[in-house]
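Colleague:
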Amino acid sequence: MERVFNFNPGPATLPLPVLEKAQSELLNYKGTGMSVMEVSHRSKEFEAIVNDAESLLKELLQMSDDYKVLFLQGGASTQFAMVPLTFLKEGETADYITTGSFAEKAYKEAVKIGQVHIAANTKDTNHNRIPSAEEIKFSPSPCYVHITSNNTIFGTQWKDYSVFNNLDLIADMSSDILCGPLDVSKFALIYAGAQKNLGPSGVTVVIIRKDLLEKIPSALPSMFRYDLHAENNSLYNTPPSFSIYMVNLVLEWLKGQGGLAKVKEINENKSALIYEAIDQSEGFYRGHAEKEFRSIMNVTFRLPEEEMEKKFLAEAASKGLVNLKGHRSVGGIRASIYNAMPVEGCEKLAAFMKEFKKNQ
Ligand SMILES: *Cc1c(COP(=O)(O)O)cnc(C)c1O
Numbered sequence: 004m005e006r007v008f009n010f011n012p013g014p015a016t017l018p019l020p021v022l023e024k025a026q027s028e029l030l031n032y033k034g035t036g037m038s039v040m041e042v043s044h045r046s047k048e049f050e051a052i053v054n055d056a057e058s059l060l061k062e063l064l065q066m067s068d069d070y071k072v073l074f075l076q077g078g079a080s081t082q083f084a085m086v087p088l089t090f091l092k093e094g095e096t097a098d099y100i101t102t103g104s105f106a107e108k109a110y111k112e113a114v115k116i117g118q119v120h121i122a123a124n125t126k127d128t129n130h131n132r133i134p135s136a137e138e139i140k141f142s143p144s145p146c147y148v149h150i151t152s153n154n155t156i157f158g159t160q161w162k163d164y165s166v167f168n169n170l171d172l173i174a175d176m177s178s179d180i181l182c183g184p185l186d187v188s189k190f191a192l193i194y195a196g197a198q199k200n201l202g203p204s205g206v207t208v209v210i211i212r213k214d215l216l217e218k219i220p221s222a223l224p225s226m227f228r229y230d231l232h233a234e235n236n237s238l239y240n241t242p243p244s245f246s247i248y249m250v251n252l253v254l255e256w257l258k259g260q261g262g263l264a265k266v267k268e269i270n271e272n273k274s275a276l277i278y279e280a281i282d283q284s285e286g287f288y289r290g291h292a293e294k295e296f297r298s299i300m301n302v303t304f305r306l307p308e309e310e311m312e313k314k315f316l317a318e319a320a321s322k323g324l325v326n327l328k329g330h331r332s333v334g335g336i337r338a339s340i341y342n343a344m345p346v347e348g349c350e351k352l353a354a355f356m357k358e359f360k361k362n363q
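Position 204 of the sequence shown, counting from 1, maps to 207 under my numbering, and the rest follow consecutively.
1) Going residue by residue through the stretch 175 to 253, where are the continuous alpha helix (DSSP H) segments of at least 4 residues, counting only ones entirely within it?
2) Once DSSP output is grouped into helix, strand and coil, what is the label at Phe90?
3) Is there a Cβ of chain C sitting closer than 8 Å to that of Ile100, yes or no?
4) Is Asp175 a contact residue of ligand 1, with contact defined as CB to any heavy atom under 7 Å?
5) Given this structure, state the Cα-to-Cα distance separating Lys92 from Gly117, to the nearest angstrom.
6) On the premise that Leu231 lies in contact with Leu181, defined as a C-beta separation below 8 Å, what is that separation, rounded to the nearest angstrom?
7) How many whole angstroms separate the CB atoms of Leu63 and Lys258, which I take to be in contact at a CB cut-off of 8 Å?
8) According to the Cβ coordinates, are Ile210 and Tyr229 closer than 8 Å?
9) By the three-class DSSP mapping on this structure, what secondary structure does Lys162 have?
10) Rounded to the nearest angstrom, what separates Ile277 and Ala353 at their Cα positions?
11) Confirm the yes/no value for this check: CB of Gly13, any heavy atom of ligand 1, distance under 7 Å.
12) Shorter than 7 Å, the distance from the beta carbon of Ala79 to the closest heavy atom of ligand 1, or not?
13) Cα-Cα, which of His149, Gly334, Pro184 and Leu73 is closest to Glu310?
14) Could you tell me which of Asn272, Lys351 and Ile340 sits nearest to Gly323, measuring between CA atoms?
15) Can you tell me whether Pro220 is buried or exposed, with buried defined as 16 or more other CB within 10 angstroms of its CB?
16) Spell out a yes or no on whether the stretch 101 to 110 and the stretch 143 to 158 are touching, meaning 3 or more CB-CB pairs, one atom from each, closer than 8 Å.
17) Would the beta-carbon of Asn301 fall within 8 Å of that of Gly183?
18) Does the beta-carbon of Phe105, which I'm using as the reference point, lie nearer than 7 Å to any heavy atom of ligand 1?
19) In whole angstroms, what separates the C-alpha of Gly77 from that of Pro242?
20) What ranges does the beta strand (DSSP E) occupy inside the stretch 28 to 108, keeping only unbroken runs of at least 3 residues that lie completely in it?
21) Could you give the distance in angstroms between the alpha-carbon of Ala1 and the alpha-carbon of Met226?
22) When you measure from the CB of Thr151 to every non-hydrogen atom of ligand 1, does any distance come out below 7 Å?
23) Going by Cα to Cα distance, which pick from Met85, Leu73, Phe8 and Tyr194 is closest to Pro224?
24) Contact between the stretch 125 to 136 and the stretch 153 to 160: three or more CB pairs below 8 Å?
25) Is the beta carbon of Tyr194 closer than 8 Å to that of Val206?
26) Which of the three DSSP states, helix, strand or coil, is assigned to Gly262?
27) Grab me the residues of Tyr110's own chain with a C-beta within less than 6 Å of its C-beta, minus the 5 sequence neighbours each way, in chain order.
28) Taking Phe245 as the reference, give the member of Ala222, Gly202 and Val266 with the closest Cα.
29) Given 7 Å as the limit, tell me if Gly286 has its C-beta closer than that to any heavy atom belonging to ligand 1.
30) Where does Arg45 land, buried or exposed, given buried means 16+ other C-beta within 10 angstroms?
31) With a 10 Å radius around its C-beta and 16 neighbouring C-beta atoms as the bar for buried, classify Ala122 as buried or exposed.
32) If I measure Cβ to Cβ from Gln26 and keep anything under 6 Å in the same chain, skipping five residues before and after, which residues do I get?
33) Thinking C-beta only, is Trp256 closer than 8 Å to Pro14?
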């Protein structure tokens with residue numbers, strides 16, 4: 004059977020060379036006579052995987068030693084709670100910018116824990132934009148500011164973080180981490196569920212500024228303590244070892260692509276193919292996101308009628324372009340084109356869009 008172009012938002016397509024590598028060493032990992040899933044997480048083989056993954060991530064993002072990388076469980080959704088449990092103390096206020104469904108979920112978890120201020124909200128235009136600097140109203144001295152860097156469902160993406168200078172910025176980057184170079188020094192903490200741009204589900208990558216590790220309340224249950232995970236190099240308990248192994252392979256593959264500047268160029272070209280098909284369709288395809296905030300990871304658009312969208316999805320699937328259905332809060336079509344989506348997949352989709360329009 005042939006592999007399809009899988010535009011699923013997450014779990015998402017993985018690089019073919021990564022899958023092939025995993026397949027080739029599945030039965031006997033580096034001469035251990037067992038698969039990596041069967042190896043002890045305390046073995047030197049597994050420790051090497053964790054260390055390699057951390058150093059590759061640091062290298063790719065050109066991160067300083069002021070940051071620690073953690074591999075945790077519970078998905079980004081656990082981080083929605085762990086962040087305020089850790090950093091939102093009595094008498095303090097955390098600021099949230101709600102630019103989409105996941106941002107709202109993060110906000111709702113924080114509300115359960117302490118005082119939260121919405122610094123900006125884009126719901127009035129169904130989250131088709133990122134708020135402007137003038138629109139953002141911070142509280143007098145927020146203990147942190149939480150944002151979602153890429154809004155997976157709506158297809159918008161932050162392009163500039165300068166409005167957060169001198170604030171402790173915490174970002175959910177689940178759907179755009181490593182889509183291009185990033186100045187990590189602008190962030191206090193970054194987290195990302197792996198299943199979109201990093202690997203399979205089961206592991207959440209956290210990048211935390213080390214000074215914050217000294218302020219973790221010791222009364223927190225152990226599994227919610229970033230400092231304990233850091234002291235134990237993400238081996239406090241049994242980690243999701245296969246997922247971490249896969250993330251490491253994806254990071255090696257990204258390095259082989261030529262680093263993140265190159266990766267960004269490829270992603271921009273890929274997304275431009277689909278955005279061009281939208282913009283040149285004389286209104287047949289209508290993009291959801293305002294142009295200046297268009298995501299290079301999730302492209303969202305509508306067709307003139309719902310019936311036509313159904314036909315579009317069915318015909319696309321018959322050509323091996325699958326999982327293009329948009330989320331119900333936007334409707335229409337969503338093409339998730341993370342790092343692992345080959346250029347060819349985007350070319351095929353753009354060509355299909357032009358052909359489909361012509362045939363209506
Ligand atoms: C998918 C997604 C999540 C949810 O992640 P889980 O790992 O399933 O908890 C959170 N935030 C963003 C931006 C996402 O795209």
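Cβ atoms here follow ideal geometry from the backbone N, Cα and C, with glycine treated the same way.
Modeller: Reading off the structure:
1) Counting only runs that start and end inside the stretch 175 to 253, the alpha helix (DSSP H) elements of at least 4 residues fall at 229 to 234.
2) Position 87 of the sequence shown, counted from the first residue, corresponds to residue 90. Three-state result, Phe90: helix.
3) Looking at the structure shown, chain C is missing, and only one protein chain is on hand.
4) Here residue 175 corresponds to residue number 172 of the sequence shown, with the count starting at 1. Because some heavy atom of ligand 1 lies under 7 Å away, the Cβ of Asp175 counts as near it: yes.
5) Counting from 1 along the sequence shown, the entry for residue 92 is found at position 89. Counting from 1 along the sequence shown, the entry for residue 117 is found at position 114. Per the coordinates, the alpha-carbon of Lys92 lies some 7 Å from the alpha-carbon of Gly117.
6) For the purposes of this step, residue 181 is identified with residue 178 of the sequence shown, where counting begins at 1. For the purposes of this step, residue 231 is identified with residue 228 of the sequence shown, where counting begins at 1. 26 Å between Cβ atoms; not a contact.
7) Position 60 of the sequence shown holds residue 63. Position 255 of the sequence shown holds residue 258. A Cβ-Cβ distance of about 6 Å is found for the pair Leu63 and Lys258, placing them in contact under the 8 Å criterion.
8) Locating residue 210 in the sequence shown gives position 207, where the first residue counts as 1. Locating residue 229 in the sequence shown gives position 226, where the first residue counts as 1. No.
9) Along the sequence shown, read from residue 1 onward, the residue named residue 162 stands at position 159. Of the three classes helix, strand and coil, the one that applies to Lys162 here is coil, per DSSP.
10) Reading the sequence shown from its first residue, position 274 is the one you call residue 277. Reading the sequence shown from its first residue, position 350 is the one you call residue 353. Going from the Cα of Ile277 to the Cα of Ala353 covers about 5 Å.
11) Indexing the sequence shown from 1 puts residue 13 at position 10. Checking the Cβ of Gly13 against ligand 1 gives yes.
12) As a working mapping, residue 79 is identified with position 76 in the sequence shown. For ligand 1, a non-hydrogen atom lies closer than 7 Å to the CB of Ala79.
13) Taking the first residue of the sequence shown as 1, we reach residue 310 at position 307. Comparing alpha-carbon positions, the option among His149, Gly334, Pro184 and Leu73 lying closest to Glu310 turns out to be Gly334.
14) In the sequence shown, the residue the question calls residue 323 occupies position 320. Ranked by Cα distance from Gly323, the first of Asn272, Lys351 and Ile340 is Lys351.
15) Residue numbering aside, residue 220 sits at position 217 when the sequence shown is read from its first letter. Burial call: exposed.
16) With the cut-off at 8 Å, the stretch 101 to 110 and the stretch 143 to 158 touch.
17) The count along the sequence shown starts at 1 and reaches residue 301 at position 298. The count along the sequence shown starts at 1 and reaches residue 183 at position 180. The answer is no: Cβ separation not under 8 Å.
18) Taking the first residue of the sequence shown as position 1, residue 105 is located at position 102. Yes.
19) Locating residue 77 in the sequence shown gives position 74, where the first residue counts as 1. Locating residue 242 in the sequence shown gives position 239, where the first residue counts as 1. Between Gly77 and Pro242, the C-alpha separation is close to 11 Å.
20) Within the stretch 28 to 108, the complete beta strand (DSSP E) runs of at least 3 residues are 70 to 75 and 96 to 101.
21) The chain is shown from 4 up to 363; residue 1 falls before or after that span and cannot be answered.
22) Numbered from 1 along the sequence shown, position 148 holds the residue referred to as residue 151. Yes - ligand 1 has a heavy atom lying nearer than 7 Å to the Cβ of Thr151.
23) Sequence index remark: in the sequence shown, residue 224 carries index 221 (1-based). In this structure, Met85 is the residue among Met85, Leu73, Phe8 and Tyr194 with its C-alpha nearest to the C-alpha of Pro224.
24) Contact between the stretch 125 to 136 and the stretch 153 to 160 is established, with three or more Cβ pairs separated by less than 8 Å.
25) Taking the first residue of the sequence shown as position 1, residue 206 is located at position 203. Taking the first residue of the sequence shown as position 1, residue 194 is located at position 191. Contact check for Val206 against Tyr194 fails: the beta carbons are separated by 8 Å or more.
26) Here residue 262 corresponds to residue number 259 of the sequence shown, with the count starting at 1. The answer is coil: DSSP assigns Gly262 none of H, G, I, E or B.
27) Numbered from its first residue, the sequence shown carries residue 110 at position 107. Only residues of its own chain outside the window of five on either side were considered, and among them Tyr99 and Thr101 have a CB closer than 6 Å to the CB of Tyr110, listed in chain order.
28) By one-based count along the sequence shown, residue 245 stands at place 242. The option with the nearest alpha carbon to Phe245 is Gly202.
29) Within the sequence shown, residue 286 is the residue found at index 283, counting from 1. No, since every heavy atom of ligand 1 falls outside the 7 Å radius drawn around the Cβ of Gly286.
30) What you label residue 45 is simply residue 42 of the sequence shown in a count that begins at 1. In this structure Arg45 is exposed. Its beta-carbon is surrounded by fewer than 16 other beta-carbon atoms within 10 angstroms.
31) Translated into positions along the sequence shown, residue 122 becomes position 119. Of the residues assessed, Ala122 falls on the buried side of the cut-off, its CB having 16 or more other CB atoms within 10 angstroms.
32) Residue mapping note: residue 26 aligns to position 23 of the sequence shown, counting from 1. Residues of the same chain with a CB within less than 6 Å of the CB of Gln26, apart from the 5 flanking positions on each side, do not exist.
33) Taking the first residue of the sequence shown as position 1, residue 14 is located at position 11. Taking the first residue of the sequence shown as position 1, residue 256 is located at position 253. Not a contact, by the Cβ cut-off of 8 Å.
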